[in-house]
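Reviewing the structure listed below.
Numbering (the numbering used here), first residue to last: 3 to 407.
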């Protein structure tokens, strides 16, 4: 199956529709895995991957290239933009996606929502997966890059975009990523006390491999009331030579594979951050107000003194074994209905460029307004949602910029 997928990607490359697949640079004093990049002109805008399996690493890098490419609005390739004011009979209400508080804005929230509803903005055709009806969705919630001159609904980010060889798999991958990011950001902002996962068998072997390089793995169960198993790996480096904090996330139905995925993602982010640090001239970032990019966020968490900022997580002595972790009696196919029963609606937009569709790939943007969004722009923090408020209770929001990039 993997070899057939790679064959499709190779055909795309031959037609000039896919970037070059290149084995990535790695540090000799770091754990070694298969690492690939897929890009055309700019390595920073392509797809990257780390995996134990070489074929999967190649597929991940190529798949991420498709996702990133399709997230950029391109006239003639992307879905048509429709310019109009909000119409409740035709459109999803943009107010459902506004995660700012009054204190975060120069407007009162209700005034800002009124401004959005009464502004002419761009929309694209999507589908409500709960009732299979067509609906218009704000383009700025779908594309990361497109002609933008309208009130900001929420910070643009790639969360929920996924590539696969059929619509259903791409949709479920996007849903799982939305759940993953919701679980992470709610846990961090509310300072949830999370149980640490005891790593056993092949995961213990993986942990020991990292330990040989003086990297400490801390895997936490971040599963929320959504009850789809979700994990966070915080890789710590106390030596002062590499990034002190690197975070990886993964949600899925196979606990071992999901934990492995979180560990590998933390390592991928670690490699990237260390490289950016060297390019920057070995200068970390100390003022959170200076965070303007993913690179800045990585540099902010580079110094080992930052580790104590995670004491609310690292100091919790509660542990859990994989077999004890709760999981719902469901599968990928029943995700939409399961989440609807949890009060979460699912919308989708097919953003696949025609050449990718012809090659047998689907790139789907999955949008779920009730789940709390991950945000990377400190200028536009998302500190409000009913879900976050439920987990916060009477506690104060953790305002220190989160470490995931």
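Built from N, CA and C at the ideal position, the CB exists for glycine as well. Predicted model only: the values in this text are computed from it and were never measured.
State the start and end residues of the unbroken alpha helix (DSSP H) segment that holds residue i.
| i | result |
| --- | --- |
| residue 40 | Not the alpha helix (DSSP H): residue 40 falls in the beta strand (DSSP E), residues 36-41. |
| residue 4 | 4-16 |
| residue 211 | 203-213 |
| residue 64 | 56-72 |
| residue 389 | 388-394 |
Does residue i come out as helix, strand or coil in the three-state DSSP assignment?
| i | result |
| --- | --- |
| residue 77 | coil |
| residue 274 | helix |
| residue 369 | strand |
| residue 121 | coil |
| residue 51 | strand |
| residue 311 | helix |
| residue 195 | coil |
| residue 322 | strand |
| residue 381 | coil |
| residue 407 | coil |
| residue 166 | strand |
| residue 364 | strand |
| residue 247 | strand |
| residue 46 | helix |
| residue 152 | coil |
Do the CB positions of residue i and residue j come within less than 8 Å of each other?
| i | j | result |
| --- | --- | --- |
| residue 316 | residue 220 | yes |
| residue 63 | residue 78 | no |
| residue 38 | residue 26 | yes |
| residue 309 | residue 238 | yes |
| residue 285 | residue 131 | no |
| residue 16 | residue 361 | no |
Just the C-alpha distance for residue i and residue j, rounded to the nearest angstrom, thanks.
| i | j | result |
| --- | --- | --- |
| residue 376 | residue 187 | 6 Å |
| residue 266 | residue 259 | 10 Å |
| residue 343 | residue 335 | 14 Å |
| residue 222 | residue 53 | 20 Å |
| residue 2 | residue 139 | This structure cannot speak to residue 2, because the chain is shown only from 3 to 407. |
| residue 400 | residue 189 | 10 Å |
| residue 226 | residue 196 | 10 Å |
| residue 320 | residue 120 | 50 Å |
| residue 128 | residue 350 | 6 Å |
| residue 346 | residue 154 | 23 Å |
| residue 143 | residue 123 | 11 Å |
| residue 352 | residue 365 | 6 Å |
With which residues is residue i paired in a DSSP beta bridge?
| i | result |
| --- | --- |
| residue 233 | 223, 252 |
| residue 129 | 136, 350 |
| residue 84 | 125 |
| residue 436 | Absent from the structure is residue 436, since the part of the chain shown begins at 3 and ends at 407. |
At what residues does the beta strand (DSSP E) containing residue i begin and finish?
| i | result |
| --- | --- |
| residue 91 | It is not in any beta strand (DSSP E) - residue 91 carries neither H nor E in the DSSP assignment. |
| residue 23 | 22-25 |
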